[in-house]
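Undergrad:
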Amino acid sequence: MSSAKLDMEKLVALCRRRGFIFQSSEIYGGINGFWDYGPMGVELKKNIKDVWWNDMVRNPPPGPDGQEITMVGVDCSLIMNPRVWEASGHVGGFSDPMIDCKTEGCKGRFRADQLKSTPCPLKPSKCAGEFEKCQLTEPRVFNLMFKTYVGALEDASAVAYLRPETAQGIFANFKNVSDSSRVKLPFGIAQIGKAFRNEINPRNYTFRSREFEQMEIEFFCHPDESMKWYQYWRDVRKNWYSTLGLNSDRVLPREQGKEELAHYSIGTTDIEYMFPFSDEPQELEGVAHRGAYDLTQHMTHSGKDLAYFDELAWQKADKSVYGGDKKKEQAAKQSPPYKFVPHVIEPSAGADRFTLAVLCEAYHEDKVADASGKQEERVVMRFHPRLAPVKAAIFPLVNKDGMPEIAERLYRELKRDFNVQYDDGGAIGRRYRRQDEIGTPYCITIDGDTVCGGSVTIRDRDTLEQRRVQLSDVVGEIRKMVK
RNA sequence: GCGGGUGUAGCUUAAUGGUAAAGCCCCUGCCUUCCAAGCAGGAUACGUGGGUUCGAUUCCCAUCACCCGCUCCA
92 MSSAKLDMEK LVALCRRRGF IFQSSEIYGG INGFWDYGPM GVELKKNIKD VWWNDMVRNP
152 PPGPDGQEIT MVGVDCSLIM NPRVWEASGH VGGFSDPMID CKTEGCKGRF RADQLKSTPC
212 PLKPSKCAGE FEKCQLTEPR VFNLMFKTYV GALEDASAVA YLRPETAQGI FANFKNVSDS
272 SRVKLPFGIA QIGKAFRNEI NPRNYTFRSR EFEQMEIEFF CHPDESMKWY QYWRDVRKNW
332 YSTLGLNSDR VLPREQGKEE LAHYSIGTTD IEYMFPFSDE PQELEGVAHR GAYDLTQHMT
392 HSGKDLAYFD ELAWQKADKS VYGGDKKKEQ AAKQSPPYKF VPHVIEPSAG ADRFTLAVLC
452 EAYHEDKVAD ASGKQEERVV MRFHPRLAPV KAAIFPLVNK DGMPEIAERL YRELKRDFNV
512 QYDDGGAIGR RYRRQDEIGT PYCITIDGDT VCGGSVTIRD RDTLEQRRVQ LSDVVGEIRK
572 MVK
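Numbered according to my numbering, the first sequence spans residues 92 to 574.
#1: List the endpoints of the continuous beta strand (DSSP E) containing PRO487.
#2: Which residues does DSSP pair with GLN512 in a beta bridge?
#3: Work out the CA separation of VAL175 and GLN259 for me, nearest whole Å.
#4: Considering MET494, what are the terminal residues of the beta strand (DSSP E) in which it resides?
#5: By the DSSP assignment, the beta strand (DSSP E) with PRO344 in it spans what residues?
#6: Would you decide whether HIS392 is buried or exposed? Buried here means 16 or more other CB atoms lie within 10 Å of its CB.
#7: Could you give the uninterrupted runs of the beta strand (DSSP E) lying entirely in the region 530 to 563, keeping only those of 3 residues or more?
#8: How about ALA379 and SER356: are their beta carbons less than 7 Å apart?
#9: What number of angstroms, rounded off, separates the C-alpha of ARG107 from the C-alpha of ASP396?
#10: When we look at the beta-carbon of HIS354 and count the other beta-carbons within 10 Å, is it buried (16 or more) or exposed?
#11: Does the separation of the CB atoms of PRO487 and ALA498 fall below 7 Å?
#12: When the Cα atoms are used, what is the spatial distance from GLU290 to ARG444?
#13: Distance check for VAL470 and GLU528, CA to CA, integer angstroms please.
#14: Straight-line CA distance for LEU352 to GLN282?
#15: How should LEU244 be labelled, buried or exposed, when 16 other C-beta atoms within 10 angstroms of its C-beta is the threshold for buried?
#16: DSSP three-state call for CYS106: helix, strand or coil?
#17: Going by beta carbon distance, what residues of the same chain come within less than 6 Å of GLY110, once the five residues before and after it are set aside?
#18: Considering only the beta carbon of each residue, do LYS140 and ALA448 sit closer than 7 Å?
#19: Which residues mark the beginning and the end of the beta strand (DSSP E) in which PHE445 is found?
#20: Please name the residue, chosen from THR239, GLN322, PHE262, that lies closest to ALA251 on a Cα-to-Cα basis.
#21: Tell whether a beta-carbon distance below 7 Å holds between ILE549 and VAL560.
#22: In this structure, how does DSSP classify GLU221 when only helix, strand and coil are distinguished?
#23: DSSP state of MET92, grouped into three classes?
#24: Is it the case that the Cβ atoms of GLY279 and MET162 are separated by a distance below 7 Å?
#25: Which residues does DSSP pair with LYS319 in a beta bridge?
#26: Count the other CB atoms, across all protein chains shown, that sit within 10 Å of the CB of GLU376; report buried if there are 16 or more and exposed otherwise.
#27: Can you tell me where the beta strand (DSSP E) holding LYS285 begins and where it ends?
#28: Is THR297 helix, strand or coil when you go by DSSP?
#29: Check for me: the beta strand (DSSP E) holding ARG469 runs from which residue to which?
#30: Looking at the strands, I want to know which residues DSSP matches up with TYR642.
#31: Ignore the nearest five residues each way along the sequence and tell me which others in VAL511's own chain have a CB closer than 8 Å to its CB.
#32: Here's a check: name, in chain order, each residue in its chain whose Cβ is nearer than 6 Å to the Cβ of GLU307, leaving out the five neighbours to either side.
#33: By alpha-carbon positions, which one of ASP127, ILE118, SER563, TYR119 ends up nearest to VAL103?
#34: How do the region 329 to 344 and the region 401 to 417 stand: do at least 3 beta-carbon pairs fall below 8 Å, yes or no?
#35: Which of helix, strand or coil does DSSP assign to ASN234?
#36: First and last residue of the beta strand (DSSP E) that includes THR359?
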């Protein structure tokens with residue numbers, strides 16, 4: 092985004108024009124709170140998810156003491172046994188009873204539990220509902236979980252929910268993963284996937300959607316070390332955004348106040364971003380210290396033992412204190428510090444929200460001199476090369492003199508490793524501008540010198556500068572530049 | 001959920017109770033040796049559903065979507 096505040100309508104128009112984001116079911120008039128990614132959008136979002144997976148799961152940064160950290164992934168079903176959501180608290184608590192006032196001129200909406208402390212909009216000296224004219228509705232519950240039915244019978248026993256977060260799939264599989272993959276505490280389990288929340292009022296383009304994708308980590312650690320890991324993940328996650336092109340002045344970590352915290356959370360930091368549609372920073376990710384809450388809940392509700400046994404600590408322990416009493420030894424093995432419920436640090440990021448932030452940040456308008464030297468407006472998406480949907484475009488300068496043949500050969504070579512485009516349509520300047528609008532970082536042009544001397548030009552999206560590179564070096568150059 | 005606004009082609013904008021116009025974009029061909037050039041063709045629109053009417057894109061009603069402001073966001 093340029094220094095002037097980006098007009099969201101311009102971004103929305105570009106996203107539609109160039110195939111980043113469409114309204115869902117548009118030919119039927121759309122549906123509120125749902126969005127589709129087009130050919131460019133899917134590449135962008137896929138790159139974002141791949142980069143996250145690579146940087147957090149396959150090759151995470153060293154831990155707080157410089158150690159290697161262990162991360163594994165899962166991919167869980169969207170629909171789970173509904174008891175999961177009772178254990179997590181979503182069935183009981185994922186809703187707020189609301190009361191509307193039907194009084195002419197008021198039409199207020201209040202949370203039922205805060206009615207007695209909310210001033211009446213018409214008569215602020217009284218509280219909502221105390222004024223003679225107030226016509227309050229019965230409290231209505233807005234449960235934010237999408238309901239569905241499993242199997243053919245639509246009765247109460249078949250009710251299930253589309254998951255409102257991917258996290259519970261990880262908690263429910265904690266024992267499976269620790270039993271099957273030789274991981275030792277501390278370790279993290281990661282998941283990328285869709286989640287669904289029946290938001291009362293979707294707003295701000297894709298920012299608050301009813302169907303969205305999360306990139307979540309549940310990092311399990313010893314309770315004594317949890318604060319260290321909480322700080323580690325808070326810093327790692329904040330910095331990650333800046334390495335991918337978000338201006339660090341606009342990425343703002345915010346420690347939640349005590350009154351804001353969910354009752355089970357020991358601490359939560361929201362990583363917020365200054366989106367152009369709001370004067371307030373908006374949440375991209377929440378890094379929450381959830382203590383032992385989730386595993387304990389699932390232990391209680393499932394009846395399964397999800398505590399962790401620290402084999403290493405037990406092996407090192409001085410067993411002589413039990414004096415050979417097997418019963419005492421057994422009891423010790425079943426209790427801290429050898430057996431305990433791990434604490435959890437949860438960095439939970441919104442893939443669509445980050446995609447939107449990347450789009451906002453990338454949008455620039457600048458001036459470029461045309462063939463006659465006149466300054467022309469240009470729209471350019473300045474994506475980080477790792478995220479750019481198209482890494483390079485290949486142009487024959489003119490469609491003759493052997494140039495198309497060389498260009499096509501180069502295109503076929505490059506597309507084995509990168510998403511690239513071939514374009515021989517219209518004037519060369521027009522082709523550059525088309526690539527600028529989808530944020531292609533490099534344009535490779537085959538010209539007369541390629542035919543004679545074997546070199547091509549590589550044009551940089553941001554500086555507009557061209558440099559000549561030997562045809563045989565192009566693949567290596569592009570590989571180096573999009574890392 | 002409430003109030004206000006908007007809805008004609010991919011975009012920007014016309015006109016009209018009786019065949020919907022243009023520029024840009026896009027496609028095809030010609031031309032073209034580096035930043036939206038030129039020439040010739042071509043495709044594409046009245047958000048949806050009712051009503052009034054001989055006839056509705058136009059008037060009326062409803063609905064949907066988007067934008068702004070409230071409300072909400074475990």
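Glycine is no exception: its CB is placed at the ideal position from the N, C-alpha and C atoms. As the structure is a computational prediction, the values presented were derived from the model and not from experiment.
TA: Once the coordinates are examined:
#1: 483 to 487
#2: ALA484
#3: 7 Å
#4: Here MET494 belongs to no beta strand (DSSP E); instead the alpha helix (DSSP H) covers 494 to 505.
#5: 342 to 346
#6: exposed
#7: 533 to 537, 546 to 551, 557 to 561
#8: yes
#9: 50 Å
#10: exposed
#11: yes
#12: 15 Å
#13: 6 Å
#14: 24 Å
#15: exposed
#16: helix
#17: GLY129, PRO130, MET131
#18: no
#19: No beta strand (DSSP E) contains PHE445, which is instead part of the alpha helix (DSSP H) from 442 to 453.
#20: THR239
#21: yes
#22: coil
#23: Only weak support exists for where MET92 lies, its pLDDT of 41 falling under 50; the value from the coordinates is given anyway. Correct three-state label for MET92: coil.
#24: yes
#25: Per DSSP, none; premise fails for LYS319.
#26: buried
#27: 278 to 287
#28: coil
#29: 466 to 472
#30: Only positions 92 to 574 of the chain appear in the structure, and residue 642 is not among them; the question remains open.
#31: VAL481, LYS482, ALA483, ALA484, ILE485, TYR502, LEU505
#32: THR257, ALA258, GLN282, SER439
#33: ASP127
#34: no
#35: strand
#36: 358 to 364
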